[in-house]
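The structure appears below as structure tokens.
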Amino acid sequence: MTTPTIDAASVPNLPLIGDRAPDFVADSTHGPVRLADYAGRWLVLFSHPADFTPVCTTEFVAFAELADEFAARDVALLGNSVDSVFSHLAWTRSIHDKLGVRIPFPIIADLDMAVSHAYGMLHPNTSGTAAVRAVFVIDAEQIVRAVLYYPMNAGRMIPEILRLIDALQTADRDGVSCPANWRPGDDVVLGAPRTEAEMDTRLADGEVKLTDWYLATRPAKS
């Protein structure tokens, strides 16, 4: 069996979790935007393949309907595609007129594809010009904390993005981890003890629910 070769030029540039988010300056439906504008707060930067398409329209409506929930967590929303500002404006007006939903966040007009290339939103085997459904969760220090990719024919679950931010912010605040299927209010996971003293302390903690020495949970802090 021969090993397939990979053309490095065809592999999209992809910021990894823990990397500093690539800077950008771009036009948008709210005027010029740059990454530095969001310093000090969290940001969800997400791409969509094209304006005036059905799946993208349902996603933007879903983001708009939860915009206040994101804002309550000090999270800004910022869309991106290679369409023009004029196309974005016509599309958001259509969404408002036909569906009664106002899109409250800016949408980058990435005609030169600079943002799409910087964030690896263009996947050559899918399209050379239309961005896939990428999501980058960027924290207040402008560090990439999570990366999600969806294909063009499957819409994103927006409440899951909100849940992911809740998990990241809870983990940061309390020094814990969040288990599978975690939701706010559920128990959180403690890191495994690394010394006998840490294990003894855990065993003596009445709040800790101990399944085994390495697997322990406790109620999340309110």
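Those letters in the sequence shown? Residues 41 to 262, by our numbering.
Ideal Cβ placement from N, Cα and C applies to all residues, glycine included.
Computed from a prediction, not measured in an experiment: that's the story for all the values here.
Among the options, nearest to residue i - alpha-carbon criterion
i	options	result
S124	D137, W253, M153, A102	M153
N120	I135, Y159, G231	Y159
Y254	P233, D240, T241	P233
P146	F110, H128, H157, L162	H128
P77	T69, D108, D63	The residue asked about is misnamed: residue 77 is Asp in this sequence, not Pro. Out of T69, D108, D63, D63 has the C-alpha closest to the C-alpha of D77.
V115	D226, N193, Q182	Q182
D226	E247, D212, R258	R258
G80	V172, V248, R113	R113
R203	F110, T97, D59	F110
F86	P94, Y190, E247	Y190
P94	M239, D245, M192	M192
Spatial neighbours of residue i in its chain, beta-carbon cut-off 6 Å, leaving aside the 5 residues before and after
i	result
A260	V228
R142	H136
R185	V177, D179, L208
D214	K261
V248	R242, A256, R258
L188	V175
Contacting residues, own chain, Cβ-Cβ under 8 Å from residue i (five flanking each side not counted)
i	result
S134	F92
T210	V216, C218, P224, V228, A260
H88	C96, E99, F100, G119, N120, S121, A171, R173
P72	V65, A66
L84	Note that residue 84 is Val in the sequence shown, not Leu. Taken in chain order, the residues that qualify are F110, V115, A116, L117, L118, V175, F176, V177, I178, I201, I205.
Which residues DSSP lists as bridging residue i, in chain order
i	result
G119	F86, I147
T257	V229, K249
I183	R60
T69	G71
L188	V175
S217	V229
Where residue i falls, given that 16 or more other Cβ within 10 Å makes a residue buried
i	result
L117	buried
T235	exposed
L139	exposed
T194	Here the sequence assigns Ala to residue 194, which means Thr is not the residue at that position. Answer is exposed; the Cβ neighbour count stays below 16.
I57	exposed
L243	exposed
A256	buried
A237	exposed
A48	Confidence in A48 is poor, its pLDDT being 46 and thus under 50, which makes the residue's placement too unreliable to answer from.
A220	exposed
Contact test: residue i Cβ vs the ligand SAH heavy atom, cutoff 7 Å
i	result
P199	This structure lacks the ligand SAH; in fact it carries no ligand of any kind.
7 Å CB neighbourhood of residue i in its chain, flanking five on each side removed
i	result
L151	V122, S124
V155	F64, A66, N120, I148
T69	V125, H128, L129, T132, P146, I147
A107	L117, P144, F145
N53	H157, A158, G160
L75	A61, D63, F64, Q182
*Report yes or no: do three or more beta-carbon pairs, one from the segment 95 to 102 and one from the segment 190 to 206, lie closer than 8 Å?*
They touch, by the three-pair rule.
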